[in-house]
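Using our numbering, you'd call the opening residue of the sequence shown number 5 and step up by one each time. All C-beta atoms, glycine included, are put in the ideal place defined by N, C-alpha and C. Step one of this worksheet: look at the structure below.
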Amino acid sequence: MISAQHQALVQLFCDRPALAEELLTRAFDLPIPDYDFACPEAADFTQLIPDELRADAVLVFNRARPDGDPVPVLSVVLEAQRGQDGEKRWSWPMYLVSLRTRMRCPAVLLVVAPDPKVARWCARPIELGHPGLTLTPIVVGPTEVPVIVDPAEAAEDLELAILSVITHADAPEVAQILEALLTAVHDLDPATGGRYADLVRAVLPADTWNHLETLMQTEKREYFSDWARANVAQGEVKGQVDALLSVLSARGLEVPDDVRKEIVGCDDVDRLGAWIRMAVTVDSARELLKHSG
5 MISAQHQALV
15 QLFCDRPALA
25 EELLTRAFDL
35 PIPDYDFACP
45 EAADFTQLIP
55 DELRADAVLV
65 FNRARPDGDP
75 VPVLSVVLEA
85 QRGQDGEKRW
95 SWPMYLVSLR
105 TRMRCPAVLL
115 VVAPDPKVAR
125 WCARPIELGH
135 PGLTLTPIVV
145 GPTEVPVIVD
155 PAEAAEDLEL
165 AILSVITHAD
175 APEVAQILEA
185 LLTAVHDLDP
195 ATGGRYADLV
205 RAVLPADTWN
215 HLETLMQTEK
225 REYFSDWARA
235 NVAQGEVKGQ
245 VDALLSVLSA
255 RGLEVPDDVR
265 KEIVGCDDVD
275 RLGAWIRMAV
285 TVDSARELLK
295 HSG
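Here's what the structure looks like:
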């Protein structure tokens, strides 16, 4: 079962694929080809591989052409790992081969592992057996993610600031990291800010979030609470609807027109919240409507 924490971590990159480029260049000095835009792509590999194999996300960097369709110049298989899974050492090479064949461009594997022990495990080379073929995953763990305690720096790169909170949740300065992020989020419009705040809550265990709140300055908590109340008044419903549709999209679930109409037309925040929690496990978007009562 995919957890809300796992899904929220993947959503960071689906919302802003350029975050992958930033990590690849900042932490690993990997040269990235010149490109004009990046976007998520279908993350399943069933067309080329018989068994059901699906990555967490696929990000493709494209170069625009004035006289034709964009040309992919780099594709990234994104995997979020919160634990050790031996099956991944068999499936990861298949993901890369399949994606390279589909997109006709270089492909890299980027694994985000907030736990340092898991990150070390993920970084172990995978010997494919053929001479010279060894896959060494590119792994982003706490060492590769900066500690962001400056609100101005957090505002410049909110997704990286959220990743900083996730990967440094056990660090001594985590309260300052969270304060910097919440200060930056406070200045956004309610719908956008609410979505970022919900992502942070989703990726952090409830006890961790509650503990961090007690560590933050009282005035900062009140500052954020004022923003949260404004969010409820001005756009919480829209934020919940957007978050729900984003989760369904990231999981590759089709949303039929009648289901989309039901979701967009719902103004019950509690019901939308329940649907968001269900959206990380259901097999189809229509399944949500069975729990409308």
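Can you grab the Cα-Cα spacing for the pair residue 138 / residue 124, in whole Å? Position 134 of the sequence shown, counting from 1, holds the residue named residue 138. Position 120 of the sequence shown, counting from 1, holds the residue named residue 124. Taking the CA atoms as reference points, residue 138 sits about 17 Å from residue 124.
Residue 91 bridges to which residues according to DSSP? Counted from its first residue, the sequence shown places residue 91 at position 87. Per DSSP, none; premise fails for residue 91.
What are the residues that DSSP puts in a beta bridge with residue 138? Position 134 of the sequence shown, counting from 1, holds the residue named residue 138. Per DSSP, 131.
CB contact flag (residue 204, residue 27, <8 Å): Residue mapping note: residue 204 aligns to position 200 of the sequence shown, counting from 1. Residue mapping note: residue 27 aligns to position 23 of the sequence shown, counting from 1. With a cutoff of 8 Å on beta-carbon distance, residue 204 and residue 27 are scored as not near each other.
Using the three-state DSSP reduction, which class does residue 43 fall into: helix, strand or coil? For the purposes of this step, residue 43 is identified with residue 39 of the sequence shown, where counting begins at 1. Taken through DSSP and simplified to helix, strand or coil, residue 43 comes out as strand.
Can you tell me the Cβ-Cβ gap for residue 248 and residue 266, rounded? I've got them flagged as a contact below 8 Å. Counting from 1 along the sequence shown, the entry for residue 248 is found at position 244. Counting from 1 along the sequence shown, the entry for residue 266 is found at position 262. In fact, because the Cβ distance is near 11 Å, the residues do not count as touching under 8 Å.
Residue 268, enclosing alpha helix (DSSP H) - first and last residue: Along the sequence shown, one-based indexing puts residue 268 at 264. That run of the alpha helix (DSSP H) goes 261–269.
Cβ neighbours of residue 227 in the same chain (closer than 7 Å, five flanking residues each side left out): Looking up residue 227 in the sequence shown gives position 223. For residue 227, the predicted structure reports a pLDDT of 41, less than 50, and the residue's modelled location is therefore unreliable. A value from the coordinates is still provided. Same-chain partners within the cutoff: 190.
Distance between beta carbons of residue 170 and residue 13, contact taken as under 8 Å: Here residue 13 refers to the residue found at position 9 when the sequence shown is read from its first residue. Here residue 170 refers to the residue found at position 166 when the sequence shown is read from its first residue. The Cβ separation is near 7 Å, so the contact holds.
Residue 257 by DSSP, collapsed to three states: which one? Translated into positions along the sequence shown, residue 257 becomes position 253. In the structure shown, residue 257 adopts coil according to DSSP, grouped into three states.
Cβ of residue 61 within 8 Å of Cβ of residue 85? Along the sequence shown, read from residue 1 onward, the residue named residue 61 stands at position 57. Along the sequence shown, read from residue 1 onward, the residue named residue 85 stands at position 81. In terms of Cβ geometry, residue 61 and residue 85 do not form a close pair [threshold 8 Å].
Cα-Cα separation between residue 176 and residue 87, rounded to whole angstroms: As a first step, residue 176 is located in the sequence shown; it is residue number 172 there, counting from the start. As a first step, residue 87 is located in the sequence shown; it is residue number 83 there, counting from the start. Between the alpha carbons of residue 176 and residue 87 lies a distance of about 23 Å.
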